[in-house]
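If you use the numbering used here, the sequence shown corresponds to residues 6 to 142, in order. Cβ coordinates follow ideal geometry from the N, Cα and C atoms, glycine included.
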Amino acid sequence: MNKINLYIFNQIVKSCTLVFFIFVSIAWLMQISRIFTMMNNLNIQFLDILSLSMWLIPNLINVTLPFITIFGLVLAFIKFERDKEIIAIYSLGLSTSEIKKPLIFFLIICIGISFLLNFMLSPFSYDIYKKKEFELR
Numbered sequence: 006m007n008k009i010n011l012y013i014f015n016q017i018v019k020s021c022t023l024v025f026f027i028f029v030s031i032a033w034l035m036q037i038s039r040i041f042t043m044m045n046n047l048n049i050q051f052l053d054i055l056s057l058s059m060w061l062i063p064n065l066i067n068v069t070l071p072f073i074t075i076f077g078l079v080l081a082f083i084k085f086e087r088d089k090e091i092i093a094i095y096s097l098g099l100s101t102s103e104i105k106k107p108l109i110f111f112l113i114i115c116i117g118i119s120f121l122l123n124f125m126l127s128p129f130s131y132d133i134y135k136k137k138e139f140e141l142r
């Protein structure tokens, strides 16, 4: 990867990281409020509820990952357009296919993370979540 492709990739990762923390924190706060209302009558300690909600994070990431990717890419390319960086990249003589390389590489990484979450981490964490929820009830 040359420096321009690395720069584009870094900007996409930064934008998606920002969107990731925003989406996951909002989804996690919604889930923890649901758990608080559900467990309010059972007199369960705060740390137990907090540890229980941590096991839901892989499922939240699994659900929000496509939206994170889309909004992160849109945010990155809006920044490129606003700062006139796409024009600068084209003026260096790079074609559209050269600009697509970091985008495709990033999407392959997102697909790999999605497969890892779907088939390994989410089922494992959801089983632990259900077991702990049953123990707390």
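Between residue i and residue j, which are expected to be in contact by the criterion C-beta below 8 Å, what is the C-beta distance as a whole number of angstroms?
i: residue 36; j: residue 58; result: 6 Å
i: residue 29; j: residue 62; result: 7 Å
i: residue 112; j: residue 67; result: With a Cβ gap of about 17 Å, residue 112 and residue 67 do not count as contacting.
Check this for me: beta carbons of residue i and residue j, under 8 Å apart or not?
i: residue 65; j: residue 17; result: no
i: residue 119; j: residue 80; result: no
i: residue 54; j: residue 41; result: yes
i: residue 144; j: residue 133; result: Residue numbering for the chain in the displayed model covers 6 to 142; residue 144 lies beyond these limits and cannot be assessed.
i: residue 141; j: residue 47; result: yes
i: residue 9; j: residue 94; result: yes
I need the boundaries of the alpha helix (DSSP H) containing residue i, first residue and last residue.
i: residue 27; result: 8-44
i: residue 47; result: First-last for residue 47: undefined, no H or E at that position.
i: residue 61; result: Unbroken run through residue 61: none, as it is neither H nor E.
Next on the checklist: For a minimum of 4 consecutive residues, which ranges assigned as the alpha helix (DSSP H) are wholly contained in the stretch 77-135?
Outcome noted: 90-96 and 101-121
Checklist entry - Do the stretch 103-118 and the stretch 7-14 make contact, defined as three or more Cβ pairs closer than 8 Å? => result yes
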